[in-house]
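>
In my numbering, the protein residues as written are 6 to 146.
1. Rounded C-beta distance between residue 32 and residue 16? I'm assuming under 8 Å.
2. In whole angstroms, give me the CA-to-CA distance for residue 141 and residue 133.
3. Applying the 10 Å Cβ sphere with the 16-neighbour rule, what's the burial state of residue 80?
4. Using CA atoms only, rank isn't needed, just tell me which of 56, 51, 40, 124 is closest to residue 23.
5. For the stretch 17–47, which segments carrying the alpha helix (DSSP H) assignment without a break, of at least 4 residues, lie completely within its bounds, in sequence order?
6. What would DSSP say about residue 109, mapped onto helix, strand or coil?
7. DSSP beta-bridge partners for residue 86?
8. Can you confirm whether the stretch 105–120 touches the stretch 42–49 when touching is taken to mean that 3 or more C-beta pairs between the two stretches lie within less than 8 Å?
9. Looking at residue 123: is its Cβ nearer than 9 Å to the Cβ of residue 135?
10. Where does residue 63 sit, in a helix, a strand or coil, going by DSSP?
11. Taking the DSSP output, what are the residues bridged to residue 52?
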């Protein structure tokens, strides 16, 4: 997925669309991530000033939701379910293998509700059931 480069001017234009919303901080953070691929740390102060709230409140919302990120996305995103059903069929070993091979692309802790086909992995938005390192490598291509 292609994202626009982050800039303060572009961020302010996005925030203007939320001016009349109730509780706009989370929506603003989500909008930043949707547009730029991540929430630039400079956005914290911009959002706080724009919506007349504290930087601490914005930072708290940003760090509370694990789907929000403060670094630019990697070329490939790999998310691995480590809920009980997936652990029972080898998810923890798969996490170690995938992190060793792909490093920063890999995130664990998600549940995709695909318990019958565990371990379940999402690669660049595509769900893979009964995931193996080989299936993940194929999906990255």
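Even for Gly, the Cβ is constructed at its ideal location relative to N, Cα and C.
With the given structure in hand:
1. Position 27 of the chain shown holds residue 32. Position 11 of the chain shown holds residue 16. Going by Cβ atoms, the distance from residue 32 to residue 16 rounds to 13 Å, so no, they are not a contact pair.
2. Position 136 of the chain shown holds residue 141. Position 128 of the chain shown holds residue 133. So the alpha carbons of these two residues sit roughly 8 Å apart.
3. As a first step, residue 80 is located in the chain shown; it is residue number 75 there, counting from the start. Burial call: exposed.
4. Locating residue 23 in the chain shown gives position 18, counting from the first residue. Residue 56 is the option with its Cα nearest to residue 23.
5. 29–41
6. Residue mapping note: residue 109 aligns to position 104 of the chain shown, counting from 1. Residue state, collapsed to three classes: helix.
7. The count along the chain shown starts at 1 and reaches residue 86 at position 81. 115, per the DSSP bridge assignment.
8. no
9. By one-based count along the chain shown, residue 123 stands at place 118. By one-based count along the chain shown, residue 135 stands at place 130. Yes, they are a contact pair.
10. Here residue 63 corresponds to residue number 58 of the chain shown, with the count starting at 1. Residue state, collapsed to three classes: helix.
11. Taking the first residue of the chain shown as position 1, residue 52 is located at position 47. The partner list for residue 52 (beta bridge, DSSP) is empty, contrary to what the question assumes.
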